[in-house]
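The structure appears below as structure tokens.
Numbering (the numbering used here), first residue to last: 51 to 222.
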């Protein structure tokens, strides 16, 4: 009766253990990358929500539009525009002032209220007129503006690295 293993059996056992361990290790690496991407996505979504909240917190629909009697409801006119009428972010007073704003550093993010200052997050705000029925973009003024906040973060492997939040501001 023999005791122990031969050298061939021992080597085959080590090879089998290495294959199983290598596969398990790859699962851990993939799970870690997914976890890190989920954290980035969560931080970017929080930054996007804070930016959208910042944009939608302004009161005026469009300062260039004329108002109805009593000045209570603002209406879209040929003079309604998309773009900032003020140069300073602190003076923005309608949603379209934010159009084209690009935020690409921790300093720029810190200028917006309640936006996390992560240097690896970048963002862009786009505002355009949309048709009230179809919500498709229009070049001429309508009573509805679409606000899109696109946030991007450092890509990891093949995981998504951007998200777009969309909201509408109506003059109806």
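We treat Cβ as the ideally placed atom computed from N, Cα and C, and that holds for glycine.
### Where residue 53 falls: helix, strand or coil (DSSP)
Here the question's residue 53 lines up with position 3 in the chain shown. It is coil, neither helix nor strand.
### Query
Between residue 225 and residue 106, is the Cβ-Cβ spacing less than 8 Å?
Residue 225 falls outside the range modelled here, since the chain spans only 51 to 222, and no answer is possible.
### Task
Whole angstroms is fine: what's the gap from residue 68's alpha carbon to residue 208's?
As a first step, residue 68 must be located in the chain shown, where it is residue number 18. As a first step, residue 208 must be located in the chain shown, where it is residue number 158. The alpha-carbon atoms of residue 68 and residue 208 are separated by roughly 27 Å.
### Task
Please classify residue 54: is it buried, with 16 or more other beta-carbons within 10 angstroms of its beta-carbon, or exposed?
Locating residue 54 in the chain shown gives position 4, counting from the first residue. With fewer than 16 Cβ atoms within 10 Å of its Cβ, residue 54 is classed as exposed.
### Message
Could you pull the DSSP bridge partners for residue 220 from this structure?
### Response
Your numbering for residue 220 matches position 170 in the chain shown. Residue 220 is bridged to 194.
### Query
Residues bridged to residue 170 by DSSP?
Here residue 170 refers to the residue found at position 120 when the chain shown is read from its first residue. Looking at the DSSP assignment, residue 170 forms no beta bridge with any residue, so it has no partner.
### Task
Please report the Cβ distance between residue 83 and residue 213, rounded to the nearest whole angstrom; I am assuming they are in contact, meaning their Cβ atoms lie under 8 Å.
Working through the chain shown from its first residue, we reach residue 83 at position 33. Working through the chain shown from its first residue, we reach residue 213 at position 163. In fact, because the Cβ distance is near 18 Å, the residues do not count as touching under 8 Å.
### Message
Once the 5 residues before and after residue 108 are set aside, which same chain residues still bring their CB inside 7 Å of it?
### Response
Within the chain shown, numbered from 1, the residue matching residue 108 stands at position 58. Here the set comprises 142, 143, 144 and 145.
### Message
Between the alpha carbons of residue 91 and residue 103, how many angstroms are there, rounded?
### Response
Start at 1 with the first residue of the chain shown, and residue 91 comes out as number 41. Start at 1 with the first residue of the chain shown, and residue 103 comes out as number 53. If I take the Cα positions, the gap works out to 18 Å.
### Task
Return the chain-ordered list of same chain residues with a C-beta closer than 8 Å to the C-beta of residue 204, the five sequence neighbours on each side being excluded.
Within the chain shown, numbered from 1, the residue matching residue 204 stands at position 154. Correct list, in chain order: 90, 170 and 211.
### Message
Can you tell me whether residue 187 is buried or exposed? The criterion is at least 16 other CB atoms within 10 Å of its CB, across all chains shown.
### Response
Position 137 of the chain shown holds residue 187. Exposed, since its Cβ has fewer than 16 Cβ neighbours within 10 Å.
### Query
According to the Cβ coordinates, are residue 199 and residue 218 closer than 8 Å?
As a working mapping, residue 199 is identified with position 149 in the chain shown. As a working mapping, residue 218 is identified with position 168 in the chain shown. It is not a contact, given that the beta carbons lie outside the stated cut-off.
### Message
Residues in the same chain with beta-carbon distance under 6 Å from residue 150, minus the five sequence neighbours each way, listed in chain order, please.
### Response
The residue labelled residue 150 in the question sits at position 100 within the chain shown. Same-chain partners within the cutoff: there are none.
### Task
Name the one or two DSSP bridge partners that residue 202 has.
Counting from one through the chain shown, the residue named residue 202 turns up at place 152. In the DSSP output, where bridge partners are listed per residue, residue 202 has 172 and 212.
### Message
Distance check for residue 77 and residue 223, CA to CA, integer angstroms please.
### Response
The structure shown does not extend to residue 223, since the chain is modelled only from 51 to 222, so the question has no answer here.
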